[in-house]
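A.B. asks:
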Amino acid sequence: MILKLGKVAFQQLVKGNLIFYEEDLRECGIDVREASVYSGLCTQIFREVLGLYQGKVFCFVHLSIQEHLAALYVHLSWTNNNRNVFESITKQSLWSKVKDWFKQVSLSELHQRAVDEALQSKNGHLDLFLRFLLGLSVKSHQILLQRIMKETRSSSDRNQKTVEYIKKKIRTIDSPEKSISLFHCLNELGDRSLVKEIQQYLTSGRIKEAKLSSSQWSAVVFVLLTSEEELNEFRLDKFVKGKNNPENMEVLQKLLPVIKESRSVQLSDCGLHR
Numbered sequence: 001m002i003l004k005l006g007k008v009a010f011q012q013l014v015k016g017n018l019i020f021y022e023e024d025l026r027e028c029g030i031d032v033r034e035a036s037v038y039s040g041l042c043t044q045i046f047r048e049v050l051g052l053y054q055g056k057v058f059c060f061v062h063l064s065i066q067e068h069l070a071a072l073y074v075h076l077s078w079t080n081n082n083r084n085v086f087e088s089i090t091k092q093s094l095w096s097k098v099k100d101w102f103k104q105v106s107l108s109e110l111h112q113r114a115v116d117e118a119l120q121s122k123n124g125h126l127d128l129f130l131r132f133l134l135g136l137s138v139k140s141h142q143i144l145l146q147r148i149m150k151e152t153r154s155s156s157d158r159n160q161k162t163v164e165y166i167k168k169k170i171r172t173i174d175s176p177e178k179s180i181s182l183f184h185c186l187n188e189l190g191d192r193s194l195v196k197e198i199q200q201y202l203t204s205g206r207i208k209e210a211k212l213s214s215s216q217w218s219a220v221v222f223v224l225l226t227s228e229e230e231l232n233e234f235r236l237d238k239f240v241k242g243k244n245n246p247e248n249m250e251v252l253q254k255l256l257p258v259i260k261e262s263r264s265v266q267l268s269d270c271g272l273h274r
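In terms of the UniProt record's numbering, the sequence shown opens at residue 1 and continues consecutively.
1. Return the residue from the list M249, V85 and H141 that minimises the CA-CA distance to E117.
2. Just the C-alpha distance for L267 and E261, rounded to the nearest angstrom, thanks.
3. DSSP state of R158, grouped into three classes?
4. How many Å lie between G135 and I180 at the Cα?
5. How do the region 3-20 and the region 73-84 stand: do at least 3 beta-carbon pairs fall below 8 angstroms, yes or no?
6. Could you check what DSSP says for residue 329 in three-state terms: helix, strand or coil?
7. Whose C-alpha, out of N248, S213 and V258, is nearest the C-alpha of E228?
8. I'd like to confirm the pairing. Which residues does DSSP put opposite R113 in its beta bridges?
9. How close, in whole Å, do the beta carbons of S218 and P246 come, if the pair is a contact with beta carbons under 8 angstroms?
10. Return the CA-CA distance between G242 and Q200, expressed in angstroms with no decimal places.
11. Which residues share a DSSP beta bridge with residue 298?
12. Nearest by alpha-carbon distance to K15: which of Q66, K238 and K139 is it?
13. Please list the terminal residues of the continuous alpha helix (DSSP H) segment that includes Q11.
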């Protein structure tokens with residue numbers, strides 16, 4: 001039943017749907033009476049259409065539950081059946097479907113497809129799902145999933161390929177928000193190499209002198225957003241060279257996500273003008 005709900009969760013999540021209908025449940029092999037047994041996960045709501053018809057509408061009690069079930073479905077479809085379920089959301093010829101059925105899918109291929117889908121999302125609706133999916137491949141979680149996995153498939157080497165793919169994406173994408181989301185993904189996979197590099201700059205005070213790339217600035221923002229101390233009081237003068245540096249405004253723009261989340265912000269003595 002959990003996998004059936006996971007299939008519903010995945011299909012509706014990729015469509016951007018928070019609510020779904022009886023026919024959606026039936027398509028995934030779920031009887032409506034069955035779903036009511038799992039009311040802790042899926043609750044029934046009602047809507048009235050044009051005042052003439054009252055149809056049953058369903059939703060998960062929280063979006064994070066839908067995202068986690070969707071990730072579980074994607075991961076178990078790979079471990080148990082060697083399926084990349086992302087192929088089911090793209091239009092394919094019959095011959096392509098037959099070839100995909102017999103094709104051996106690697107975990108890194110599955111993860112890379114998930115990363116690409118999340119990056120293509122305009123509103124970031126797959127970001128948390130992606131983190132859940134990557135987290136399920138970590139060894140500690142594999143142990144917890146043994147009861148519902150037909151076989152245990154080693155993922156440590158494949159995860160390294162995923163890590164390198166994500167790092168490559170961080171270096172090439174322009175969106176700070178998407179870069180930060182990818183840093184969260186690296187964190188799920190236990191890789192903090194880029195973050196440690198930035199932390200050394202911050203603790204040594206050399207951040208002012210460093211010529212950082214856009215991906216490194218994204219790492220700075222990620223580190224600061226996950227630092228309770230920095231969010232208590234943010235001081236821009238830690239990051240700029242002095243009052244008259246023409247790059248100060250550019251630095252301010254790069255650090256805006258941190259400024260928005262900080263409880264106190266000090267911008268004085270940085271040569272900023274309205």
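All C-beta atoms in this analysis are idealised placements derived from N, C-alpha and C, irrespective of residue type, glycine included.
Fair warning: this is a prediction, and the values are worked out from it, not measured in the lab.
C.D. replies: This is what the structure gives:
1. V85
2. 15 angstroms
3. helix
4. 17 angstroms
5. yes
6. A question about residue 329 goes unanswered here, because the residues of the chain that appear run from 1 up to 274.
7. V258
8. R113 pairs with nothing; no bridge assigned.
9. S218 to P246, Cβ: 22 angstroms. No contact.
10. 21 angstroms
11. Outside the displayed range of the chain (1 to 274) lies residue 298, so it cannot be described from this structure.
12. Q66
13. I2 to K15
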